[in-house]
Amino acid sequence: MRSLSLAFAGTLGLASAASAEVTFDDVLPLLQRHCQECHRPGQIAPMSFLTYEETRPWAESIQENVASRTMPPWHADSHNGELKNDRSLSQAEIETFIAWVDSGAVRGTKNETAASAEPVGWAIGEPDVVLTMQEEYEIAAEGTDEYIYFAIPTNLAEDRYVKAVEVRPGNRSVVHHVLAYVQPGGTGVVSRSSEAANEDLAFPLFFNAGEALRVLPEAPVHDDGCTLPDGGSATPMDMTEGSIRLISTFAPGSRGDLYPEGLGKLVPKDSEILFQVHYNKTGRLERDKTSIALVFTDEPPSKIVEAYWVSNYYFRIPPGTAAHEVKGCYVFDRDVDILSYFPHMHVRGKDMKIEAVYPGGGTEVLLSVPRWDFNWQTTYWLETPKRVPAGTRIVVTAHYDNSKWNPFNPDPTAAVRWGDPTSDEMMIGGLDFVAVSGATNE
Ligand code: HEC
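Just so you know, the numbering used here puts 67 at position 62 of the sequence shown, and the rest follows in order with no gaps.
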C-alpha cells in the first residue's frame, strides 16, 4: 500500500515520503465526525463526502478550507470554558487532512463504511408536545434567500416549563437556520408595535415599517451603550405584554437544548411559538414544514432559565465605515450561572466579543467571534456553566463593516440603525443563565 501511495502521489508531484502513509482510511473518521452532518444528500452542503469517490475531486478545496478554518463552519475562537457544541477541528486533525492531500489524496485499504448515523427520533428524547408549522411553505427554486415568520399556537391551558427544546427542519436542504421565540398571547406573526416599545422611554425610539420595528433615524446616538445613564441596555427577555423571547435556535449541527437537571424555561399559557426561518435556494422547488419539540418539567423547576439580551438600540453606523465599534453593557445584580451565549448581528456584523468585568477588578473574555458570519446563527453552549458574581459587568463589543468592501453590504451609502429588516442592524449578546439563589460567590 505504501509504495502504491507513493507512486500515485509521485505522479502529482506532491509526494513527501513522511506523509505518504496518510490515506482515506485516516480521513474518513474525520469526515464522519466533523463534515457529514452537512456533506451528505439532503443536507445543507452542496456536495456529499460519504465515499472516497465523492470526496476525492474536492481534495484540494478541502485542504484549503480546513487549513484556513473555513470548514467546518465554526466562528468562536477564544472563550472561557469548553463549548458543548464545538465542531472545530484540532490542529492534529487539520494536519491529517493536509498530509492526506499533500501525499496525493489516496484511497485507503478499507472499504468505505456507512455515514455517521442520521439522528433518528428527537435528540432530546420523547417530547411531550411537537408543534409544527400549520401549512407547508413553498420555496422557489431560484432567487435570494428568504426570511419568513410563522406563528404556531401552543394551546397550553396553563403555564408550563420546558427542560428540553429541539427545533427540527422539515426539509434540511433549504432550512439554513431557525430562530424560535415564545410570544405571549395569540397575536400572530410579528405583533410588536412601536407604541408598546416606546411606552416606558423618555422619547420615542422606534417606529413601525409594516410589521417591522425600526429605530427612528433622528433618535439620539450612543455607540457606547456602557456610558448610558442606566450603565447599559440589557433587555431582560421578560414576558410582559407583547414581548417575545428566544426559546431555541436551529443551525445545521444543532442537537437541541437540554437544560441541566432542575432547570426550565417558561412557556406561558396561550402563548405562540414564532419561527423565523432562513431559507436558501437549491435550484428546485422545495417545500418545508418545520417543527419544535418540547419536553416539560413535571413540577415548576427549582430554577428558571432566564434570557437577557445585552444590546444597544442607540447606535448609528455611518456610511462607508469599515470597523465601526458599538458597545452594550449590563451589570448583574445577582450571582448567576451562564449557560450559553447567542451573538446576533445582521450582514454588516464583523466581529463580537462578550467580556466579564469583575467587581473586584479584572476582565475575562467569555466568548469571541472574530469573523462573524450572518449565515451561521450559532448558540454557544457551555460544557460547565460559568458563574459570575453580582456586580459583574457584561460588556459586549461589536464591529460593523458598512464599507463597499463588505460583499454582503446591501448599501454602503446608508447610515444604519437598529431594526428588524436584514438591511438594518442589530447588536445582541444573548445570554441564557440561572440565578444562584443564596450563594454569594464560588
Ligand atoms: C454545519 C455544516 C457544515 C459542516 C459541518 C461542514 N461543512 Fe463544508 N460546507 C457547508 C456548506 C453549506 C457549504 C457550501 C458553501 C457555503 O455555503 O459556505 C460547504 C462547502 C464546503 C466546501 C466547498 C468550498 C468551495 O470552495 O466551494 C468544502 C471543500 C467543504 N465544505 C469541506 C468541508 C469539510 C472538510 C468539512 C469537515 C471537516 C466540512 N466542510 C464541514 C457546510 C458544512
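Cβ atoms here follow ideal geometry from the backbone N, Cα and C, with glycine treated the same way.
Residue i vs residue j beta-carbon contact at 8 Å
i: Gly-434; j: Pro-375; result: no
i: Tyr-335; j: Tyr-313; result: yes
i: Leu-371; j: Glu-388; result: no
i: Leu-436; j: Ile-343; result: yes
i: Asp-449; j: Pro-174; result: Summary: the structure shown does not reach residue 449, with the chain confined to residues 6 through 447, and so no result is reported for it.
i: Val-306; j: Tyr-166; result: Reading off the sequence shown, one finds Pro at residue 306, where the question assumed Val. Against a cut-off of 8 Å, the Cβ pair of Tyr-166 and Pro-306 comes out as a contact.
i: Trp-377; j: His-80; result: yes
i: Arg-339; j: Ala-440; result: yes
i: Pro-132; j: Val-310; result: no
i: Arg-260; j: Gln-48; result: no
i: Ser-316; j: Gly-333; result: yes
i: Gln-41; j: Leu-184; result: no
i: Glu-276; j: Thr-137; result: Note that residue 276 is Ser in the sequence shown, not Glu. No. Outside cutoff.
i: His-404; j: Glu-304; result: no
i: Gln-93; j: Pro-77; result: The amino acid at residue 93 is misidentified as Gln; the sequence shows Ser. For Ser-93 and Pro-77, yes; Cβs fall inside 8 Å.
i: Ser-408; j: Ala-327; result: yes
i: Val-180; j: Thr-295; result: yes
i: Val-220; j: Gly-424; result: yes
i: Ala-395; j: Phe-337; result: yes
i: Ile-297; j: Ser-253; result: yes
i: Thr-114; j: Leu-35; result: no
i: Phe-155; j: Phe-280; result: yes
i: Pro-417; j: Ser-428; result: no
i: Asn-85; j: Lys-391; result: yes
i: His-351; j: Phe-255; result: no
Check: residue i C-beta below 7 Å from any heavy atom of ligand 1
i: Asn-70; result: yes
i: Glu-291; result: no
i: Ser-66; result: yes
i: Leu-55; result: no
i: His-39; result: yes
i: Leu-94; result: yes
i: Leu-33; result: no
i: His-283; result: no
i: Ala-201; result: no
i: Glu-100; result: no
i: Gly-258; result: yes
i: His-44; result: yes
i: Ile-49; result: yes
i: Leu-88; result: no
i: Leu-1; result: Given that the chain is displayed from residue 6 to residue 447, the structure contains no residue 1 and the question cannot be resolved.
i: Met-432; result: no
i: Met-138; result: no
i: Trp-63; result: yes
i: Pro-132; result: no
i: Pro-412; result: no
i: Pro-174; result: no
i: Pro-415; result: no
i: Pro-375; result: no
i: Leu-36; result: yes
i: Met-76; result: yes
DSSP bridge partner residues for residue i (one or two, in chain order)
i: Pro-348; result: Gly-434
i: Leu-279; result: Ala-156, Tyr-186
i: Thr-137; result: Ser-296
i: His-404; result: Glu-330, Asp-356
i: Ser-253; result: Ala-185
i: Lys-449; result: Here the chain covers residues 6 to 447 and nothing more, so residue 449 does not appear.
i: Asp-229; result: Lys-332
i: Ala-169; result: Leu-263, Val-300
i: Tyr-363; result: Paired residue(s): none; Tyr-363 is not in a bridge.
i: Gly-396; result: For Gly-396, which the question treats as bridged, DSSP gives no partner whatsoever.
i: Gly-424; result: Arg-219
i: Gly-269; result: Ile-309
Residue i beta carbon near ligand 2 (any heavy atom closer than 7 Å)
i: Glu-151; result: Ligands in the displayed structure: ligand 1; ligand 2 is not one of them.
- Item | the stretch 316 to 324 in contact with the stretch 211 to 228 per 3-pair CB rule at 8 Å | Three or more Cβ pairs closer than 8 Å define a contact, and the stretch 316 to 324 meets that threshold against the stretch 211 to 228.
- Message: For the pair the stretch 136 to 150 and the stretch 257 to 273, tell me if three or more CB-CB distances fall below 8 Å.
- Response: No: fewer than three Cβ pairs fall under 8 Å.
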